[in-house]
Amino acid sequence: MYSFTNFILLHEVHKLRGITMTEHNIRVLALGLIQRADGAMLLSPGFDSVKNEPFYRLLGGGVEFGETGSEALRREFMEELGLEVTISPLLLTAENIFTFEGERGHQIMMMYQCAFTDESIYEQQTVPRIDGEPEAVWRTREDIMVERAKLYHAEVTELL
C-alpha cells in the first residue's frame, strides 16, 4: 500500500539518510476520479509546509508489481476508505514531475473514472478514511479557488 502518509514517512527516512527523491525511480500511480451530480470531486486534502500551500489531490495510490492499474485502484479504495468502487476504462495517462516538501518527485499517473457501489456515499459531506489519513472531502473547482488551495492534477481533470 502506498498512501500519502507512506510518502511522508519515506520522505523523512530518506532525508535522514541523505537520499533525495531524485535518486528514486519513477512511481506509477492509479488515481480515481469520483464526481457527484453537482460536479464535486472526492479529494484528499494535504499541505506542503515548504510552499505553505494547502492542496487537494485525487484518491488512489501506487501500482504494485504484477497488478493492473484498475486492480491497484480497487485495492487502494478498500485500503483507504473501506469502500468498493466500480472502475470505468482508463481515461488517460499523464506524467507528473513535481516538488513536495522541497523534494522532487516523478510519477506516471493512470486516471480512471470511478463510482461507489454504495450510492449513499454521494450524500455525505466527507468520507472517513480507515488508513489514518485526513477524511476525503467533496470539492468543486470553485470551492478550491475560494479556499485558495491548489488542485493537483487539475490540468488532467480539465481534459475530461
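Quick note: the sequence shown uses the numbering used here, first residue 191, plus one each step.
The C-beta atom is built at its ideal place from N, Cα and C for all residues, glycine as well.
Cβ separation of Met299 and Leu221, assumed to be a contact under 8 Å, to the nearest whole Å: If you number the sequence shown from 1, residue 299 lands on position 109. If you number the sequence shown from 1, residue 221 lands on position 31. The pair is a contact, with the Cβ atoms about 6 Å apart (cut-off 8 Å).
Have a look at Gly251 and Ile320 and give me their C-alpha separation to the nearest angstrom. For this step, residue 251 is matched to residue 61 along the sequence shown. For this step, residue 320 is matched to residue 130 along the sequence shown. One C-alpha to the other measures close to 15 Å.
Whole angstroms are fine: how far does the CA of Val218 sit from the CA of Thr212? Taking the first residue of the sequence shown as position 1, residue 212 is located at position 22. Taking the first residue of the sequence shown as position 1, residue 218 is located at position 28. Bear in mind that the predicted position of Thr212 carries a pLDDT of just 48, short of 50, making it unreliable; the figure below should be weighed with that in mind. C-alpha separation (whole angstroms): 15 Å.
6 Å CB neighbourhood of Glu266 in its chain, flanking five on each side removed: As a first step, residue 266 is located in the sequence shown; it is residue number 76 there, counting from the start. Excluding sequence neighbours, Glu266 sits near Gly250, Gly251.
So, with DSSP's three-state summary, where would you put Glu332? For the purposes of this step, residue 332 is taken as the residue at position 142 of the sequence shown. Three-state DSSP puts Glu332 in a helix.
In chain order, each beta strand (DSSP E) run of at least 3 residues that lies wholly inside the stretch 278 to 321: 293 to 306
Bounding residues of the beta strand (DSSP E) (the contiguous stretch that carries Leu223): Here the question's residue 223 lines up with position 33 in the sequence shown. Segment 217 to 223, the beta strand (DSSP E) holding Leu223.
Taking all protein chains shown into account, decide if Leu263 is buried (16 or more other Cβ within 10 angstroms of its Cβ) or exposed. If you number the sequence shown from 1, residue 263 lands on position 73. Its Cβ being crowded by 16 or more others within 10 Å, Leu263 is buried.
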